[in-house]
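Residues 25 to 156 in the numbering used here are what the sequence shown spells out, letter by letter. No residue lacks a Cβ here, since even glycine has one placed at the ideal position from N, Cα and C.
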Amino acid sequence: PGMDGSVLERLFPYYDAVVIEAFGVGGLPEYGQAPFYTEIRRWTDAGKIVMMATQVTHEGSDMEVYRVGRVIKEDFHLMEAYDMTLEATVTKVMWALGQAEAVGQPRGQERSELFRSLFYRTVNHDLLLFSL
């Protein structure tokens, strides 16, 4: 709460992916001088990965519960951690980025699709709840 999209602006030049831990399951608020929507559009247009997670550990993430989450998920085709813990999500994001790099790290849509297929592959029962 209280954070705006300027944090994503600062991270953009240095990282290929970001995991956003939203407050609850609803998505991201729009306030402040640097809205999240603008920065998320910048990240996704550049082929970078934006992953949503939640602080609500036992509910899992479901951005479609509230309108704000549903809209941002539809607008950006964002990925969700679903029932993975934040720690497992960060670890799997790093693993999937490494796997993508090992096969020549495609760019743009190809990279996003490769990352998506790797991330949503169940490894040692890490992802139990998933639906597209």
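Nonlocal neighbours in the same chain, by C-beta distance under 8 Å from residue i, ignoring five residues either side
i	result
VAL114	VAL43
LEU142	TRP119, ALA120, GLN123, ALA124
LYS72	PHE36, TYR39, ASP40, ALA41, VAL42
ASP150	MET108, ALA112, LYS116
GLY29	GLY56, ALA58, PRO59, PHE60, TYR61, THR62, GLU63, ILE64
is_contact[residue i, chain B] using C-beta, thresh 8 Å
i	result
GLU125	Note that chain B does not occur in the displayed structure, where there is just one protein chain.
Inter-residue spacing [alpha-carbon to alpha-carbon] between residue i and residue j
i	j	result
TRP67	ASP107	24 Å
MET27	VAL127	36 Å
LEU102	VAL31	18 Å
LEU110	LEU138	21 Å
Residue from the options with nearest C-alpha to residue i
i	options	result
TYR38	ARG145, ALA112, LEU142, ALA70	ALA70
ASN148	LYS116, GLY29, SER30	LYS116
ALA112	THR146, ALA46, GLY29	THR146
GLN79	ALA46, LEU102, ALA126, SER136	ALA46
Beta-carbon separation (whole angstroms), residue i vs residue j, contact threshold 8 Å
i	j	result
PHE100	ARG65	7 Å
Residue(s) in a DSSP beta bridge with residue i
i	result
ILE74	Rather than Ile, the amino acid found at residue 74 in this sequence is Val. Its beta-bridge partners are VAL42.
MET103	MET75
Spatial neighbours of residue i in its chain, beta-carbon cut-off 7 Å, leaving aside the 5 residues before and after
i	result
LEU156	Summary for LEU156: the model assigns pLDDT 44, below 50, so the residue's position carries little reliability, and this model does not support an answer.
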